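K.L.:
Position 70 of the sequence shown, counting from 1, maps to 70 under UniProt numbering, and the rest follow consecutively.
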Amino acid sequence: MPVTERALELALTAAQAAADKKAHDITVIDVGEQLYITDAFVIASASNERQVMAVVDAIEEALLKLPEKAKPERREGHQQGRWVLLDFVDIVVHVQHDEEREFYALDKLWKDCPIIPFVDRDLAEAGAEAP
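(1) Is ASP107 helix, strand or coil when you go by DSSP?
(2) Looking at VAL52: is its Cβ nearer than 8 Å to the Cβ of VAL93?
(3) Please specify which runs of the alpha helix (DSSP H), each continuous and at least 4 residues long, are wholly inside the stretch 28–112, giving them in chain order.
(4) Less than 8 Å between C-beta atoms, sequence neighbours within five positions excluded: which residues of the same chain meet that for GLN79?
(5) Which class does ASP25 belong to by DSSP, given the choice of helix, strand or coil?
(6) Among the candidates ASP57, GLU9, GLN16, whose CA atom is the shortest distance from the CA of ASP120?
(7) Can you tell me which of VAL31, LEU86, THR38 puts its alpha carbon nearest to the alpha carbon of LEU109?
(8) Please state whether the Cβ-Cβ distance between THR27 and ILE91 is less than 8 Å.
(9) Less than 6 Å between C-beta atoms, sequence neighbours within five positions excluded: which residues of the same chain meet that for LEU8?
(10) By the DSSP assignment, the alpha helix (DSSP H) with ASP20 in it spans what residues?
(11) In whole angstroms, what separates the C-alpha of LEU63 from that of ALA14?
(12) Check whether the Cβ atoms of ASP122 and SER45 lie closer than 8 Å to each other.
Have a look at this one:
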């Protein structure tokens with residue numbers, strides 16, 4: 001089953017919030033065909049624990065500002081700040097320190113699943129302004 005409109009809205013909002021806090025290697029993966037417990041994963045990297053926490057906070061804030069607010073049902077790894085998982089039911093967000101991202105390689109684990117295109121709006125606007 002393809003990703004729902006709600007899951008797509010949550011995933012792209014979370015991805016943009018991560019980008020706004022300078023997360024990198026942001027990937028949105030449609031896992032709906034493989035998992036029945038969620039529709040999409042958002043995976044983002046940060047270079048240190050403080051940035052991981054800033055990205056997590058920004059994602060939670062952004063999803064609470066949506067017309068149909070979303071709060072995580074579960075949050076794991078918040079204490080350590082190396083890999084934080086936010087379970088919003090429709091989507092699961094993984095914010096990982098660069099070292100955890102490389103070691104656990106979630107992208108490779110889910111490589112057979114379709115990627116949902118995400119373009120940071122700041123990059124898109126900068127590209128539109130270039131001659």
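Cβ atoms here follow ideal geometry from the backbone N, Cα and C, with glycine treated the same way. The model shown is predicted, which means the values in this text are computed figures rather than measured ones.
P.N.:
Once the coordinates are examined:
(1) As a position in the sequence shown, residue 107 is number 107, starting the count at 1. Three-state result, ASP107: helix.
(2) The residue labelled residue 52 in the question sits at position 52 within the sequence shown. The residue labelled residue 93 in the question sits at position 93 within the sequence shown. No; because the gap between Cβ atoms is not below 8 Å, this pair is not in contact.
(3) 49–64, 98–104, 106–109
(4) What you label residue 79 is simply residue 79 of the sequence shown in a count that begins at 1. Nothing listed; no residue qualifies.
(5) Start at 1 with the first residue of the sequence shown, and residue 25 comes out as number 25. ASP25 falls in the strand class under three-state DSSP.
(6) Translated into positions along the sequence shown, residue 120 becomes position 120. Closest by alpha carbon: GLN16.
(7) Sequence index remark: in the sequence shown, residue 109 carries index 109 (1-based). For the residues VAL31, LEU86, THR38, the minimum Cα distance to LEU109 belongs to VAL31.
(8) Start at 1 with the first residue of the sequence shown, and residue 27 comes out as number 27. Start at 1 with the first residue of the sequence shown, and residue 91 comes out as number 91. In this structure, ILE91 does not lie closer than 8 Å to THR27 by Cβ.
(9) In the sequence shown, counting from the first residue as 1, residue 8 sits at position 8. Around LEU8: no qualifying Cβ.
(10) Along the sequence shown, read from residue 1 onward, the residue named residue 20 stands at position 20. That run of the alpha helix (DSSP H) goes 5–20.
(11) Reading the sequence shown from its first residue, position 63 is the one you call residue 63. Reading the sequence shown from its first residue, position 14 is the one you call residue 14. Going by the C-alpha atoms only, they are around 7 Å apart.
(12) Taking the first residue of the sequence shown as 1, we reach residue 122 at position 122. Taking the first residue of the sequence shown as 1, we reach residue 45 at position 45. No, these two residues do not count as a Cβ contact at 8 Å.
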